[in-house]
Amino acid sequence: MVRFKLRQSNSIRTLVSRFTDSASFARTTPKMTSISAQDIETADSWLHSHAYLVLMKTNEEKGLPSPAPAKHYARRDELNKQIAVWSGDITRLALDAIVNAANRSLLGGGGVDGAIHQAAGPGLLTECKALHGCATGDAKMTAGHGLPARHVVHGVGPVGEDAAKLRAVYVRALDLCVEHGLRTVAFPCISTGVYGYPNERASAVALATVREWMEAVTDGVENRAKVDKIVFCVFLEKDLLIYARLLPCYFPPALTDEETAGEQ
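Here the working numbering is used: the first residue of the sequence shown is 897, the next is one more, and so on.
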């Protein structure tokens, strides 16, 4: 059982944002202050923060316990320094790349896809037209155009529940970032909403895939050495609560001083 030690956090802004429906997301203005990678609190401190404890209390009040993952993931503090959960508008993130939950046409749509195209401006659509679409489970990259992010990785998730294709999108997006030397990237919740993938199960696939990709060895080096920060960007309160429950299952938090003393 994962236990948590209450500790104050100076970065509650990384948790608490505007919680609205997906229609409001598409109307989000891009003129808000951008958020850099350094502004986003990583899991090593977030999982011990006061704000995180508040989220877990909310989960408890809703009768939503933390589930056990399909496999055991060892505690690796260095991974938790590279992973983050951030709540807000992905179009504000000034990272090397943000991932778009795109459709196969790559020509824009609703939700996060529409918000990214709106914030990026017409140049993004022009570049996307030249890509001639993208297969489900694959991803393609463009420039960020009017976005704070330098690049957009357009990942096409499955319609409905297809874990293999959802995993493939995350892996392909991360591999594209490495191929282009991009070290900070944010993912939205891919295939949830109108695409019909249950939110909690999609989140579990995302976390497991990213964890296993980070530990995979390519050319003698773990993939985690090729990136600096991977952000799970959520917009809806229900997704934030899901990630609060699931994150420590896949990225177990460091022991507190009291827990360390108890193990000795």
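We put the beta carbon where it would ideally sit given N, CA and C, even for glycine. Since the model is a prediction, treat every value here as computed from it, not as a measurement.
- Fully enclosed alpha helix (DSSP H) runs of no fewer than 4 residues occupy 1059-1075 of the segment 1025-1103, in order along the chain.
- Within the same chain, and ignoring the five residues on either side of Arg-1079 in sequence, the residues whose Cβ sits closer than 7 Å to its Cβ are Asp-992, Val-1123, Asp-1124.
- Beta-carbon to beta-carbon, Ala-1082 and Val-995 are separated by about 7 Å, close enough to satisfy the 8 Å threshold.
- By the CB criterion at 9 Å, Arg-1000 and Phe-1147 fall outside the cutoff.
- Under the three-state reduction of DSSP, Ile-936 is assigned to coil, being neither helix nor strand.
- Annotated three-state conformation of Thr-929 is coil, per DSSP.
- In this structure, the CA atom of Thr-1032 is about 20 Å from the CA atom of Ala-1011.
- According to the DSSP assignment, Ala-1011 belongs to the alpha helix (DSSP H) that extends over 1007-1016.
- Just measuring C-alpha positions, the residue of Gly-1017, Lys-953, Gln-934, Arg-1063 sitting nearest Gly-1042 is Gly-1017.
- Bounds of the alpha helix (DSSP H) holding Lys-1134 are 1133-1146.
- In the DSSP assignment, Lys-1125 falls within the beta strand (DSSP E) that extends over 1125-1130.
- Asn-955: member of the alpha helix (DSSP H) spanning 946-957, first to last residue.
- For the options Ile-979, Lys-953, Ser-930, the alpha carbon positioned closest to that of Thr-938 is the one of Ile-979.
- When secondary structure is reduced to three states using DSSP, Asn-976 falls in the helix class.
- Sixteen is the threshold: since fewer than 16 other Cβ atoms of the shown chains lie within 10 Å of the Cβ of Pro-963, the residue is exposed.
- Cβ contact annotation for Leu-951 (same chain, cutoff 8 Å, sequence separation greater than five): Leu-911, Leu-1136, Leu-1137, Ala-1140, in chain order.
- By the criterion of a C-beta distance shorter than 7 Å, Val-1055 is surrounded in its chain by Tyr-1091, Gly-1092, once the five residues flanking it on both sides are discounted.
- Under the three-state reduction of DSSP output, Leu-989 falls in the strand class.
- Here the alpha carbons of Ala-1059 and Pro-1094 stand approximately 11 Å from one another.
- Per the coordinates, the alpha-carbon of Asn-955 lies some 22 Å from the alpha-carbon of Ile-1086.
- Collapsing the DSSP output to three states places Ala-998 in a strand.
- Nearest neighbour of Leu-1070 by Cα position, chosen from Thr-1088, Ala-1102, Pro-1044, turns out to be Ala-1102.
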